[in-house]
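Peer 1: The sequence shown begins at 1 in full-length UniProt numbering and counts up one residue at a time.
Cβ atoms here follow ideal geometry from the backbone N, Cα and C, with glycine treated the same way.
One structure, as structure tokens, below. Some questions next.
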Amino acid sequence: MQPSIHRPTVIQIDRDALRNNYLQARQLAGSEKRIFAVVKADAYHHGAVVVAQILHELQVDGFCVATIDEALELRTAGITEQILVLGLIPVQQAPLAAQNDISVAVGDLTWLQTAAFTVRSPLKVHLALDTGMGRIGFREKSALVEACQFLKTQPQLIPEGIFTHFATADELSDDYFQQQLAQFEFLIQDLPITFENVHCANSATSLWHRQAPGNLIRLGIGLYGLNPAGSHSKQLPYSLQPALSLTSQIVAIKQLPAGQSISYGATYTTEQPEIIATVPLGYADGWQRRMTGSKVLVDGHLCPIVGRICMDQLMIKVPKFYPLGTLVTFIGQQNQQTLSADVAADYGQTINYEILCNLSDRIPRKYIN
Ligand SMILES: *Cc1c(COP(=O)(O)O)cnc(C)c1O
Numbered sequence: 001m002q003p004s005i006h007r008p009t010v011i012q013i014d015r016d017a018l019r020n021n022y023l024q025a026r027q028l029a030g031s032e033k034r035i036f037a038v039v040k041a042d043a044y045h046h047g048a049v050v051v052a053q054i055l056h057e058l059q060v061d062g063f064c065v066a067t068i069d070e071a072l073e074l075r076t077a078g079i080t081e082q083i084l085v086l087g088l089i090p091v092q093q094a095p096l097a098a099q100n101d102i103s104v105a106v107g108d109l110t111w112l113q114t115a116a117f118t119v120r121s122p123l124k125v126h127l128a129l130d131t132g133m134g135r136i137g138f139r140e141k142s143a144l145v146e147a148c149q150f151l152k153t154q155p156q157l158i159p160e161g162i163f164t165h166f167a168t169a170d171e172l173s174d175d176y177f178q179q180q181l182a183q184f185e186f187l188i189q190d191l192p193i194t195f196e197n198v199h200c201a202n203s204a205t206s207l208w209h210r211q212a213p214g215n216l217i218r219l220g221i222g223l224y225g226l227n228p229a230g231s232h233s234k235q236l237p238y239s240l241q242p243a244l245s246l247t248s249q250i251v252a253i254k255q256l257p258a259g260q261s262i263s264y265g266a267t268y269t270t271e272q273p274e275i276i277a278t279v280p281l282g283y284a285d286g287w288q289r290r291m292t293g294s295k296v297l298v299d300g301h302l303c304p305i306v307g308r309i310c311m312d313q314l315m316i317k318v319p320k321f322y323p324l325g326t327l328v329t330f331i332g333q334q335n336q337q338t339l340s341a342d343v344a345a346d347y348g349q350t351i352n353y354e355i356l357c358n359l360s361d362r363i364p365r366k367y368i369n
């Protein structure tokens, strides 16, 4: 989709915030751990190629993505670091991954056996272990050992890594995390081959479970400056700097008498004379209809969205007349006030990750610093 660059709705990304978040994670991790920046879903909508280039300058060790196409996008842009696809790829795509030096997650022996027949160049694999996420990977030690024995006989398949993923690393209660950790330790013990990279840490694990085993961190949400635990947050070992802000402008403003309805369904009716401003952002931009009633910042005031959010526009109630072009902040800072993605997430009963991922390519991105 072409971004609508002539409309005053923009996402601004602060490169310094990304650098700072990465360097803080780097310092906390210590020199013996590698960091792979997770840039899946277009770097949580921050722009995968730009984010990868910034981190390349800071000598990041590699990148994680979700699909082979996301990996190819980085290769096409000239990114030469290791790239790991975290999701399973169809085995027919194994040669494509090998040709482009893209590492892949593998969760069963059959996949390895089929790939071994078809690849003409070495393919780097990371065995996924399902220790309690119930998503992908080997669950049984016997099946894992069998896969390792097969890898041992296949010079074209390089055992680059072995990993798992935690379901509750961001939660206050530790029990399920400890169960998964114990299962991971049991599974990786005494295998017939060794893996260059052993990894289990997402952002939450890197922040709150630093003793977790492994030599590699998959840093996602923390890189973008958001707390993996959201606003129900646990104490952070360093402060995170949100990199993304979302702003628009007032494009129409009027005073309405009492008794006038606003937007589809006429669900909101003015109770008194009210000043209503229109903002060119809607659910097609990722600001979902369920955000009706949530607040945005105008001139440092929190102003509610009134009436249903339309596809491309929404209306807000403001305390006084403002000139057309007045800034409206959905995510970010204005005067001394901050609206974080967590505020939106709590209102929309979701998580900050989803608020970012919902943002549409229709909104142009502007990079600063
Ligand atoms: C998305 C993902 C991550 C990154 O998680 P964050 O919580 O954003 O740090 C790490 N590992 C896997 C397997 C993932 O799918």
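Are there any heavy atoms of ligand 1 lying less than 8 Å away from the beta-carbon of C357, as far as the coordinates show?
Peer 2: No; taking the cut-off as 8 Å, the Cβ of C357 has no heavy atom of ligand 1 nearer than that.
Peer 1: So, at 7 Å on beta carbons, what are the nonlocal neighbours of G214 in its own chain, with the 5 sequence-adjacent residues on each side left out?
Peer 2: Cβ neighbours of G214 beyond the five flanking positions: V198, H199, C200 and A201.
Peer 1: To the nearest angstrom, how far is it from the Cα of R120 to the Cα of P90?
Peer 2: So the alpha carbons of these two residues sit roughly 17 Å apart.
Peer 1: Measuring only the C-alpha atoms, how far is V279 from Q249?
Peer 2: Between V279 and Q249, the C-alpha separation is close to 6 Å.
Peer 1: For F63, list the residues DSSP reports as bridge partners.
Peer 2: Paired residues: A37 and I83.
Peer 1: Based on the DSSP secondary-structure assignment, which residues constitute the bridge partners of D14?
Peer 2: Answer is I368, bridged to D14.
Peer 1: Considering only the beta carbon of each residue, do L244 and I11 sit closer than 9 Å?
Peer 2: Against a cut-off of 9 Å, the Cβ pair of I11 and L244 comes out as a contact.
Peer 1: Should M1 go down as buried or exposed, given a rule of 16 or more other Cβ atoms within 10 Å for buried?
Peer 2: It counts as exposed.
Peer 1: Taking C-alpha atoms, which residue in V296, L223, A29 and L256 lies nearest to N21?
Peer 2: N21 has its Cα closest to that of L223, out of V296, L223, A29 and L256.
Peer 1: Mind checking whether the beta-carbon of P95 lies closer than 8 Å to any heavy atom of ligand 1?
Peer 2: No - ligand 1 has no heavy atom lying nearer than 8 Å to the Cβ of P95.
Peer 1: Hey, G297 and I363: beta-carbon distance below 9 Å or not?
Peer 2: Sequence check: residue 297 is Leu here, not Gly. Going by C-beta atoms, L297 is not nearer than 9 Å to I363.
Peer 1: With L123 and Q156 assumed to form a contact (beta carbons below 8 Å), what rounded beta-carbon distance in angstroms separates them?
Peer 2: At roughly 6 Å, the Cβ-Cβ gap stays under 8 Å, so L123 and Q156 are in contact.
Peer 1: Verify the CB distance criterion: does T110 have a CB-CB separation below 9 Å to chain D?
Peer 2: Absence of chain D from the displayed structure is noted, only one protein chain being present.
Peer 1: Measure the C-alpha to C-alpha separation of D108 and P8 and round it to an integer number of angstroms.
Peer 2: Taking the straight line joining both Cα atoms gives about 49 Å.
Peer 1: May I ask you to check if the CB of K234 is nearer than 8 Å to at least one heavy atom of ligand 1?
Peer 2: No.
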